[in-house]
Ligand SMILES: *Cc1c(COP(=O)(O)O)cnc(C)c1O
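Numbering (our numbering), first residue to last: 556 to 978.
Structural data, given as structure tokens:
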């Protein structure tokens with residue numbers, strides 16, 4: 556399917572007068588339409604709740620949009636928890652799914668009344684030493700080990716992942732938690748990432764539902780929710796078919812009716828912690844071509860770099876690129892599109908067929924709405940960009956200003972430094 560940016564060249568030219576490139580821009584309309592569809596897909600389950608994975612796009616303006624749909628947040632760090640608190644998301648609207656968790660993070664999660672999802676059996680004692688009495692509702696993260704396969708082949712390798720408890724451990728954890736007064740239980744698992752198939756959630760659900768039946772039977776624990784976590788993917792490449800969340804919801808319903816209903820567990824709530832699926836397609840990184848270089852290859856140098864979007868450098872991830880205003884031009888040139896870091900992996904695209912690019916052209920790098928800005932860092936002293944929201948009425952709101960040198964130097968307050976610069 557042809558990937559079409561949600562902004563035009565004319566819009567970007569106008570926006571860039573106020574907010575120079577590079578910047579991430581988000582599409583409010585797209586976010587809302589998708590959120591409504593997620594709600595519809597699981598409407599059959601009265602307790603359904605999406606806990607948006609804050610790490611994907613930690614921006615309070617965007618989190619607030621999702622909050623309107625009744626969604627909570629999934630956090631895994633102190634500052635993510637603080638972000639939730641700041642916008643009034645507390646209590647069981649927070650799922651705290653962390654790992655290798657520092658004591659102060661557990662302490663703050665408990666203080667906010669978040670649902671705590673334990674990554675390891677040893678965290679029972681660790682948490683108890685911090686909070687004294689365990690909360691009445693607790694969740695445990697499950698890792699079945701081995702490889703996770705669907706009909707189209709191997710999806711991921713849980714046996715190689717640091718997360719979660721073994722089957723034996725989760726049974727033991729439930730028994731211990733129950734003996735310590737925990738009353739309501741959840742199961743969580745994240746077995747495959749960025750799955751572009753409608754089969755992932757239903758297959759995962761079936762596996763977790765079967766585990767839930769065994770756990771309830773053998774430990775007597777009251778299982779109140781099953782958390783399918785994240786992993787629902789998006790089509791980064793034009794040849795990929797997008798997931799159909801309505802079909803995914805129906806698939807989970809089928810497994811629910813097959814496994815949980817006959818076991819008398821028809822009151823179990825389904826939770827999700829999607830990040831990528833909620834936001835990725837509704838964000839783009841807009842950057843300007845500032846150099847062209849002809850050596851052993853053809854290079855286009857842009858004003859963004861891996862600091863603004865790390866996925867290509869980190870995982871060799873594909874992000875589609877549209878040259879704005881040249882949407883219908885033939886892709887008869889082959890370029891490496893590079894940023895300015897002193898790192899040869901700072902390339903948004905390698906050997907990519909694109910229309911001929913002139914200096915000054917705006918490039919729209921697709922699907923940066925999740926795990927895009929958020930993964931940013933400051934290597935080479937590069938500063939993070941602004942984030943903008945394209946509102947439904949087509950106006951533009953600044954939802955995070957770009958960093959300035961003053962921000963970059965802010966943590967040097969232990970050094971006599973500030974007087975040297977006129978910030
Ligand atoms: C990263 C993460 C998510 C979100 O994953 P997506 O692939 O963005 O949907 C959800 N839950 C946990 C615990 C995570 O670590």
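The C-beta atom is built at its ideal place from N, Cα and C for all residues, glycine as well.
Residue i - DSSP class collapsed to helix/strand/coil
{"i": "residue 829", "result": "coil"}
{"i": "residue 642", "result": "coil"}
{"i": "residue 890", "result": "strand"}
{"i": "residue 754", "result": "coil"}
{"i": "residue 875", "result": "coil"}
{"i": "residue 579", "result": "strand"}
{"i": "residue 720", "result": "strand"}
{"i": "residue 932", "result": "coil"}
{"i": "residue 766", "result": "helix"}
{"i": "residue 844", "result": "strand"}
{"i": "residue 715", "result": "helix"}
{"i": "residue 706", "result": "coil"}
{"i": "residue 787", "result": "strand"}
{"i": "residue 619", "result": "helix"}
{"i": "residue 561", "result": "coil"}
{"i": "residue 849", "result": "strand"}
{"i": "residue 775", "result": "coil"}
{"i": "residue 734", "result": "helix"}
Burial state of residue i (16 or more Cβ within 10 Å)
{"i": "residue 976", "result": "exposed"}
{"i": "residue 1036", "result": "Because the chain is modelled from 556 through 978, residue 1036 falls outside the range shown and cannot be assessed."}
{"i": "residue 769", "result": "exposed"}
{"i": "residue 922", "result": "buried"}
{"i": "residue 816", "result": "exposed"}
{"i": "residue 701", "result": "exposed"}
{"i": "residue 694", "result": "buried"}
{"i": "residue 721", "result": "exposed"}
{"i": "residue 901", "result": "buried"}
{"i": "residue 812", "result": "exposed"}
{"i": "residue 618", "result": "buried"}
{"i": "residue 969", "result": "exposed"}
{"i": "residue 822", "result": "exposed"}
{"i": "residue 650", "result": "buried"}
{"i": "residue 605", "result": "buried"}
Beta-carbon contacts of residue i that lie in its chain and below 7 Å, excluding the five residues immediately before and after
{"i": "residue 878", "result": "909, 910, 912, 916 and 918"}
{"i": "residue 750", "result": "710, 786, 787 and 788"}
{"i": "residue 640", "result": "667"}
{"i": "residue 841", "result": "567, 576, 577, 578, 580, 917 and 919"}
{"i": "residue 765", "result": "814"}
{"i": "residue 705", "result": "752, 754, 755 and 758"}
Spatial distance of residue i from residue j (CA atoms)
{"i": "residue 689", "j": "residue 953", "result": "41 Å"}
{"i": "residue 927", "j": "residue 569", "result": "23 Å"}
{"i": "residue 866", "j": "residue 615", "result": "22 Å"}
{"i": "residue 679", "j": "residue 622", "result": "30 Å"}
{"i": "residue 636", "j": "residue 643", "result": "11 Å"}
{"i": "residue 809", "j": "residue 759", "result": "12 Å"}
{"i": "residue 692", "j": "residue 588", "result": "32 Å"}
{"i": "residue 885", "j": "residue 757", "result": "40 Å"}
{"i": "residue 888", "j": "residue 904", "result": "13 Å"}
{"i": "residue 647", "j": "residue 670", "result": "6 Å"}
{"i": "residue 659", "j": "residue 839", "result": "35 Å"}
{"i": "residue 557", "j": "residue 585", "result": "17 Å"}
{"i": "residue 829", "j": "residue 656", "result": "21 Å"}
{"i": "residue 699", "j": "residue 610", "result": "24 Å"}
Residue i versus the options, residue with shortest Cα-Cα distance
{"i": "residue 583", "options": "833, 892 and 964", "result": "833"}
{"i": "residue 914", "options": "931, 900, 847 and 774", "result": "847"}
{"i": "residue 861", "options": "938, 747, 808 and 734", "result": "938"}
{"i": "residue 853", "options": "645, 873 and 890", "result": "890"}
{"i": "residue 654", "options": "666, 676, 645 and 795", "result": "676"}
{"i": "residue 835", "options": "786, 805 and 934", "result": "786"}
{"i": "residue 831", "options": "924, 578, 613 and 971", "result": "924"}
{"i": "residue 672", "options": "613, 618 and 718", "result": "718"}
{"i": "residue 626", "options": "822, 826 and 876", "result": "826"}
{"i": "residue 871", "options": "828, 897 and 792", "result": "792"}
{"i": "residue 563", "options": "684, 898 and 883", "result": "883"}
{"i": "residue 929", "options": "634, 586, 605 and 603", "result": "634"}
{"i": "residue 683", "options": "955, 650 and 737", "result": "737"}
{"i": "residue 772", "options": "795, 820 and 628", "result": "820"}
{"i": "residue 963", "options": "947, 955, 949 and 936", "result": "936"}
{"i": "residue 767", "options": "663, 740 and 713", "result": "740"}
Residues of its chain near residue i, where Cβ-Cβ distance is below 6 Å and the 5 sequence neighbours each way are ignored
{"i": "residue 843", "result": "576, 858 and 917"}
{"i": "residue 735", "result": "689"}
{"i": "residue 957", "result": "940 and 941"}
{"i": "residue 732", "result": "693"}
{"i": "residue 725", "result": "695 and 697"}
{"i": "residue 855", "result": "844, 847, 890, 892 and 912"}
Own chain, CB closer than 8 Å to residue i, minus 5 neighbours either side, in chain order
{"i": "residue 516", "result": "With the chain covering 556 to 978 only, the question about residue 516 has no answer from this structure."}
{"i": "residue 951", "result": "570, 573, 574, 580, 943, 944 and 945"}
{"i": "residue 934", "result": "861, 862, 896 and 898"}
beta-carbon residue i near ligand 2 non-hydrogen atom, thresh 8 Å
{"i": "residue 787", "result": "Although ligand 2 was asked about, the structure shown includes only ligand 1 as ligands."}
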